[in-house]
Structures are given as C-alpha cells and as structure tokens.
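Student: Residue numbers (the numbering used here): -17 to 335.
Can you keep this structure in mind? I'll have questions shortly.
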C-alpha cells in the first residue's frame, strides 16, 4: 500500500537510488553475468526434470541433496563432451608435433597431410601458401625464433581456457543455489517485479520463461538429435572420429545454418580420401536432416511453445548470439517473446499496460 507521508520527490529519489545500485551491482558483477545468465537458463530449462528428481528425496535435507546431486549431473553432461574433445585435440596436436619433428630430422620443410592437399578447390591454394612460407626456411632455426611466440600463444590459450573453466564453475555454483532456493525465488521475484513495474509484468515474465523452455526444447534437443543422427552417418560412411564430429555437428546445429560447416568439412575429407560415394551420402543425409529440423520440427516446437512466429524466433536467436554470445541463443527468443507480448497487449488495449 502507498504511504501518504512519502512525497513525490522522495519516491523519485528512492527509484534513482534503486537504479544506481542496480547499475553499480551490474558493473561490479559484469565478468560473472554470463555465468549467472547460464545458470538461470539451465534452471528454467531443467525445472520439470528437477521436480521429478526432487520427489525421489525425503527428509529435512532433501533440498540440499537433491540440488547438489542434480547440479553434479548437469555438470557431468556439460563437461564430458569438452573432456572428450580436449583429449582428441591433444592427441591430434601431438601427432602433428611428431610429424614436424620427423620432417626436421629428414631435412627440409614439413609436408601437409595428403588428405589436406587433395581437397578440391582449396587444396592447391593451401599447399602453395605452405610451400611459399617454408620452402626456403630452416625448420630448426625457425623453431628457435618461434619459441617466444609459442610461449605467448600458449599463455593466451591457457588464460582463455582458465576463463572458460571458471565461468563453468561459477555457473554450476550459481545453479546449485538456484535449485536450493527455488521456492523462495518463485515467490520473491514476482513480488519485487510487481512493486517495481505493476501487476502486468507477471505476464511478460511468464511468457519469457515459456520462451526459454521452448527454445531449449527446439534448439538443444533438436540439435542433440541431429548430432546423434549425423554421428551414425559418419560412422557408417567410415569418417574419422565420428563421435567427435557428431558432437561438433550437434553444437553447430544450435546456431541456425551452421551445421553444414561440420558435415561439409567431413564430406570434403572423405572426398579427398577417394570416398566419393561416402562424401555424397554425408552431404545428402546432412541436408535432409537439417531441412526437416529447421523447416518442420523447430518451428512447431518453438513457435507453438513461445507463441511466436518462427521469423521472430530466428531473429531473436541471431540477434541474441551477436549481442550476448552463446547464451543469447536462449535470451534472444525470451526477449522477443516479451516484446511481442507487450505489442499484443498494446494493440488489444488502447490504454498502456
């Protein structure tokens, strides 16, 4: 209830103070905002699964154990593909280093892999650049001069890796506390929002939450299905590292029109190795899977769940990626759902909400 003793100037000063504190808090936590956003998205997307998980626990500390174990499961799902990809990447890097060492012992510049040279269109171009750069260079001397550069490069890569790992750790830590305090947050967030923006803000928040859930179902689950199908296709056609390329296809499939980059590269590798039929099978299979997913499955899941035309969903995803990074895949459609909901209310009601 409004307090009649509070003047208009005091109300304005209070809201200015609230806005200032929010800005300062956001500035202070700017490096942790991606982790907070990811935690909120994961908590919303897995809320129904967590309800089922929580029902399995009993006792006074059921919320603590349920939140802890479910967070560990989510972390395992997120970390396992990264660990596998890292192992494969290290193995391939060691193989490349071994090839460079053998080439230096033999005297002369190292040669590009045969499959890379045989790539259509780009193979000759890559080989020409490689020969131009290394044909007149002494590999041993070059190694001495490039050690400082390699040290700097390794340090930069290590710093970026440490930053990503710290973001993941803080995401899981935040996710644990969101699960643990979920019931109180469900009551407090709408109450604060009503006091700040009025009663109609709850509808906008509900539509944003539904949009995030629908986007997760339409983007992540469909991408996982695409990656699993293409993993089977890669294995059937004899491509190297089918699990790794299948995982990469699933990750790229979350971004509109990005999956062809992966299965196109696999097809080029197979083509360079003389497996023309396998390369064609990969391209045809990938095109069919991508067409069905993007034109039939995703529009139905996301459009009906978020109550949005798929064009606005697509614009929200692309704009979200450009503005917020990967987390924008889910924040973008949520923002578009809130904006479209606000537009519909204004059109239906001549008075502003």
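Beta carbons: idealized from backbone N, C-alpha and C, even for Gly.
These figures come from a predicted structure and were not determined experimentally.
If you follow the alpha helix (DSSP H) that residue 30 is in, where does it begin and where does it stop?
Tutor: The residue given as residue 30 occupies position 48 in the chain shown. Per DSSP, residue 30 belongs to the alpha helix (DSSP H) from 29 to 36.
Student: Run through DSSP, which three-state label would residue 222 get?
Tutor: Taking the first residue of the chain shown as 1, we reach residue 222 at position 240. Coil.
Student: Please report the straight-line C-alpha distance between residue 327 and residue 289, rounded to a whole angstrom.
Tutor: Numbered from its first residue, the chain shown carries residue 327 at position 345. Numbered from its first residue, the chain shown carries residue 289 at position 307. Approximately 14 Å, taken between the alpha carbons.
Student: Output needed for residue 267: all residues of its chain with C-beta closer than 6 Å, excluding positions within five of it in sequence on either side, in chain order.
Tutor: By one-based count along the chain shown, residue 267 stands at place 285. Taken in chain order, the residues that qualify are 215.
Student: Does the Cβ of residue 157 have 16 or more other Cβ atoms within 10 Å, making it buried, or fewer, making it exposed?
Tutor: Taking the first residue of the chain shown as position 1, residue 157 is located at position 175. Residue 157 comes out buried.
Student: Let me check understanding here. Comparing Cα to Cα, which of 239, 226, 274, 222 lies closest to residue 252?
Tutor: Here the question's residue 252 lines up with position 270 in the chain shown. Residue nearest to residue 252 within the set 239, 226, 274, 222 is 222 (criterion: CA-CA distance).
Student: What did DSSP end up calling residue 299 once you bin it into helix, strand or coil?
Tutor: Counting from 1 along the chain shown, the entry for residue 299 is found at position 317. Three-state DSSP puts residue 299 in a helix.
Student: Taking 6 Å as the limit between beta carbons, can you name the residues of its chain near residue 119, skipping five residues before and five after?
Tutor: Here residue 119 refers to the residue found at position 137 of the chain shown. With a pLDDT of 48 at residue 119, under the threshold of 50, the modelled position of that residue is not reliable, and no figure is offered here.
Student: Tell me, to the nearest whole angstrom, how far the beta carbon of residue 53 is from that of residue 186; I am working on the premise that it is less than 8 Å.
Tutor: Start at 1 with the first residue of the chain shown, and residue 53 comes out as number 71. Start at 1 with the first residue of the chain shown, and residue 186 comes out as number 204. That pair is no contact at about 29 Å.
Student: Could you tell me how far apart the beta carbons of residue 242 and residue 296 are, in whole angstroms, since I believe they sit closer than 8 Å?
Tutor: One-based indexing of the chain shown puts residue 242 at position 260. One-based indexing of the chain shown puts residue 296 at position 314. At roughly 16 Å, the Cβ-Cβ gap does not stay under 8 Å, so residue 242 and residue 296 are not in contact.
Student: Pick helix, strand or coil for residue 43, following the three-state DSSP scheme.
Tutor: For the purposes of this step, residue 43 is taken as residue 61 along the chain shown, with counting starting at 1. Residue state, collapsed to three classes: coil.
Student: Going along the chain, which residues of its own chain have a beta-carbon closer than 6 Å to the beta-carbon of residue 191, five neighbours each way excluded?
Tutor: In the chain shown, the residue the question calls residue 191 occupies position 209. Same-chain partners within the cutoff: 26.
Student: Can you look up residue 238 in the DSSP assignment and give me helix, strand or coil?
Tutor: Position 256 of the chain shown, counted from the start, is the residue given in the question as residue 238. Looking at residue 238 - three-state DSSP - the assignment turns out to be coil, as it is neither helix nor strand.
Student: Going straight from the alpha carbon of residue 322 to that of residue 291, what length do you get?
Tutor: Numbered from 1 along the chain shown, position 340 holds the residue referred to as residue 322. Numbered from 1 along the chain shown, position 309 holds the residue referred to as residue 291. Whole-angstrom Cα-Cα distance: 10 Å.
Student: Quick test of your reading: residue 261 and residue 249, contact by CB under 8 Å. State the CB separation rounded to the nearest angstrom.
Tutor: In the chain shown, counting from the first residue as 1, residue 261 sits at position 279. In the chain shown, counting from the first residue as 1, residue 249 sits at position 267. Confirmed, Cβ separation roughly 4 Å.
Student: Measure the CB-CB distance between residue 174 and residue 167 and report whether it falls below 8 Å.
Tutor: The residue labelled residue 174 in the question sits at position 192 within the chain shown. The residue labelled residue 167 in the question sits at position 185 within the chain shown. Not in contact: residue 174 and residue 167 (Cβ atoms no closer than 8 Å).
Student: Determine the DSSP secondary structure at residue 290, reduced to helix, strand or coil.
Tutor: Indexing the chain shown from 1 puts residue 290 at position 308. In the structure shown, residue 290 sits in coil (DSSP, three-state: anything other than H, G, I, E or B).
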